[in-house]
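Numbering (our numbering), first residue to last: 72 to 450. Yeah, the Cβ is synthetic: ideal placement off N, Cα and C, and Gly gets one too.
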Amino acid sequence: MSASALFSALTLRGLVLRNRVVLSPMCQYSAVEGLANDWHLAHLGKFATGGMGLVFTEATAVERDGRITHGDLGLWSDAHIEPLARAVRFVKANGAAAGIQIAHAGRKASMQRPWHGNGPLDDTDRARGEDTWNVIAPSAVPLDTGWLVPHAMSLADIARVKAAFVATAKRALDAGFDVAEVHGAHGYLLHEFLSPISNLRTDAYGGSFDNRIRLALEITEAVRAVWPDDRPLFFRVSAVDGVDGGWTLDESVSLARRLKSLGVDVVDCSSGGIAGSATAARIKRFPGFQVPYAAQIRHDVGVPTMAVGLIMEPRMAEDILQRREADLIAIGREALHDPHWALHAEAALGIDNGFATWPPQYGWWLDKRQQALGRTPMA
Ligand SMILES: Cc1cc2nc3c(=O)[nH]c(=O)nc-3n(C[C@H](O)[C@H](O)[C@H](O)COP(=O)(O)O)c2cc1C
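Here it is in structure tokens:
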């Protein structure tokens, strides 16, 4: 039995995660018309063989116009199910649970892939055959100068997007996902409703705190209603905007309380993204910089949280859990750097398993190599 918190199992409803290491959702900008392909199989698959407990897809669009870029994954039609199901089967066959983040890009839709400029689509993209599309948001306020002015959503648009989240959740179930996460962060559609920076509406979906959180709650409730009782539902929040007059940590705490009462099992605590260029850092970044948000929401609301953001060292991940600041640790870029991060972390934390948790295709040989070198396993 390990004394490690990071490598202890976690039960969420009917799902048992083998450990607390989670692949954070990361757009790959590699889909065509939203369809998953071999890249997504290899990308998601390697983190399951790499020992993670839960592997999340990138933000997966609930409708075509809800993609961020032309390369985003989507699940807006039944044709999108099987290519994703293939990756889900591989992830699960290799011991990890499979999660999907369902999302609508709002006013950040119709954007360039990062390596094409990370700005709004322009003539260079059009020349590549990648045109702009209709962009919607709570209010007709663009992200920044030069960005598309979004169409302020009508009540019919709101009803359509809500139905799209529900239909996507049902398809995610058909694809075999264990966990669904509603993307309410990073300046995308639901966050745009939450934040007074982007929500200038005067109807029931804007103004007061209760009005600004209405759409996030309605979507969460509707998704929860179709997502089976034995499967966990996560919600990713940008805990703070980091902008004067923006969304605050107190508001995140109040939102989390409401989400918990609707059956959300984990609040995934990120931050930022509401204003300025899409990747502009408004909040000072350093290892573990978002952990205090996960800790406060967990403490004040009594809801499990996931910490994310520049968590790279296994000892830091372990300490966050030991201090009860979060229940899960999401790893993003460090997992790109080392897809075997979870397996390496087990060794770094002194869990001497002789490669027993590695896939045998690798572990058997690595163990023999250690023995040949006369070293203790993983030393
Ligand atoms: C390539 C890339 C794509 C990302 N795509 C998403 C996404 O689809 N949804 C999301 O919520 N966050 C996304 N993020 C943010 C990550 O999930 C994570 O919160 C962030 O990278 C901070 O964690 P890290 O320091 O461990 O990378 C992305 C980050 C990267 C690097």
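{"Item": "The alpha helix (DSSP H) spanning Q172 covers which residue range?", "Value": "Per DSSP, Q172 belongs to no alpha helix (DSSP H); it is in the beta strand (DSSP E), A168 to A174."}
{"Item": "Buried or exposed, going by whether 16 or more other CB atoms sit within 10 Å of the CB of M72?", "Value": "Note that M72 scores 42 on pLDDT, short of 50, meaning its location in the model is unreliable and no value can be drawn from it."}
{"Item": "With a cut-off of 8 Å on the beta carbons, I'd call T273 and V335 a contact; round off their distance for me.", "Value": "Not quite, the Cβ-Cβ distance comes to about 28 Å (not below 8 Å), so this is no contact."}
{"Item": "With a threshold of 6 Å (Cβ to nearest heavy atom), would C340 be considered close to ligand 1?", "Value": "no"}
{"Item": "V219 by DSSP, collapsed to three states: which one?", "Value": "At residue 219 the sequence reads Leu, which differs from the Val that was named. In this structure, L219 counts as coil in the three-state DSSP scheme."}
{"Item": "Please say whether L144 and A107 have beta carbons closer to each other than 7 Å?", "Value": "yes"}
{"Item": "Distance check for Q442 and I173, CA to CA, integer angstroms please.", "Value": "46 Å"}
{"Item": "Comparing C-alpha positions only, which one of E396, P185, N282 and T428 sits nearest to S101?", "Value": "P185"}
{"Item": "Would you give the residue range spanned by the alpha helix (DSSP H) that V232 belongs to?", "Value": "L226 to A246"}
{"Item": "With a threshold of 6 Å on Cβ separation, who are the neighbours of F127 within its own chain once the five nearest residues in sequence on each side are excluded?", "Value": "L94, P96, G170 and Q172"}
{"Item": "Any chance the stretch 175–192 sits against the stretch 239–249, with 3 or more Cβ pairs inside 8 Å?", "Value": "no"}
{"Item": "Using three-state DSSP, classify A132 as helix, strand or coil.", "Value": "strand"}
{"Item": "According to DSSP, R307 sits in a beta bridge with which residue or residues?", "Value": "H254 and D339"}
{"Item": "Are N165 and A130 close, meaning C-beta to C-beta below 7 Å?", "Value": "no"}
{"Item": "Assuming V206 contacts R231 under a Cβ cut-off of 8 Å, what Cβ separation, rounded to an integer in Å, is found between them?", "Value": "Going by Cβ atoms, the distance from V206 to R231 rounds to 15 Å, so no, they are not a contact pair."}
{"Item": "So, with DSSP's three-state summary, where would you put G316?", "Value": "coil"}
{"Item": "Excluding the 5 residues flanking A366 on each side, which residues of the same chain have their C-beta closer than 6 Å to its C-beta?", "Value": "E396"}
{"Item": "Do the stretch 271–290 and the stretch 309–316 touch if we need at least three Cβ pairs shorter than 8 Å?", "Value": "no"}
{"Item": "Using 8 Å as the threshold, is the stretch 191–211 in touch with the stretch 261–278, meaning 3 or more CB pairs across them?", "Value": "yes"}
{"Item": "To which residues does DSSP link I207 through a beta bridge?", "Value": "H222"}
{"Item": "Could you pull out every unbroken beta strand (DSSP E) segment of at least 3 residues lying fully inside the stretch 358–395, listed in chain order?", "Value": "376–379"}
{"Item": "Apart from the five residues just before and just after P358, which ones in its own chain have a Cβ nearer than 8 Å to its Cβ?", "Value": "L381, I382, M383, E384 and M387"}
{"Item": "Going by alpha carbons, who is nearest to L125 out of H141, A80 and F426?", "Value": "A80"}
{"Item": "Looking at the secondary structure, which residues open and close the alpha helix (DSSP H) in which T195 lies?", "Value": "D194 to A198"}
{"Item": "Exposed or buried, what is E417 when buried is set at 16 or more other beta-carbons lying within 10 Å of its beta-carbon?", "Value": "buried"}
{"Item": "Could you check how far apart the C-beta atoms of L115 and A158 are, in whole angstroms? I think they sit under 8 Å.", "Value": "5 Å"}
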